[in-house]
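Please read the structure below before turning to the comments.
In this note's numbering, the protein residues as written are 292 to 445.
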């Protein structure tokens, strides 16, 4: 599968639909107080760098973002691959793009929060394969049995 990862808007209709699917899954698999996914409007904030993966015809295959935490670190947000594109390398390419953006920004660390339920295991495997390691809660997160925290030292 051929695709391109580049800056995009979280407010484009196809992206909004993919993000709504993401939020729906988060709400279905996690307790309400443990859902930390951002909605499209929050992903459009100036402190967020949002990217999309699209095929040669412009079909949305996935998305992701990094949020500047303001202390020389960032957070991965809203990584999502369209169901038809899963297993095709989209998530790996989006993550690599986000890590490069974090390095280019001069951040020293990139962290993330994800769930502990079985639904999140493929994402956790992806992050671990790319050098993320377990870490303590960060940026206002707290110990939560439904949350797992990972970080990559840049």
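For glycine and all other residues, C-beta sits at the position ideal for the given N, C-alpha and C.
Excluding sequence positions up to five before and after residue 321, its CB lies within less than 6 Å of the CB of 406 and 437, all in the same chain and listed in chain order.
The residue from 443, 377 and 347 with its alpha-carbon nearest to that of residue 400 is 443.
DSSP places residue 320 within a helical segment (H, G or I) once states are collapsed to three. A distance of 9 Å or more separates the beta carbons of residue 312 and residue 435. In this chain, the alpha helix (DSSP H) harbouring residue 395 covers 381-395. Between the beta-carbon of residue 357 and that of residue 349 there is about 23 Å, and that puts the pair past the 8 Å contact cut. When rounded, the separation of the alpha-carbon atoms in residue 375 and residue 433 is 34 Å.
Per DSSP, the continuous beta strand (DSSP E) segment holding residue 296 begins and ends at 294-298. Non-local beta-carbon contacts of residue 388 in its own chain, meaning distances under 7 Å to residues more than five positions away in sequence, involve 296 and 342 in chain order. Secondary structure of residue 440 (DSSP, three-state): strand. Of 345, 445 and 306, the smallest CA-CA separation from residue 329 is found for 306.
In chain order, 292 place their CB closer than 6 Å to the CB of residue 379, counting only its own chain and leaving out the 5 sequence neighbours on each side. Residue 339 is bridged by DSSP to 358. Using a 10 angstroms sphere on the CB of residue 404, the tally of other CB atoms reaches 16 or more, which defines it as buried.
Per the coordinates, the alpha-carbon of residue 361 lies some 26 Å from the alpha-carbon of residue 417.
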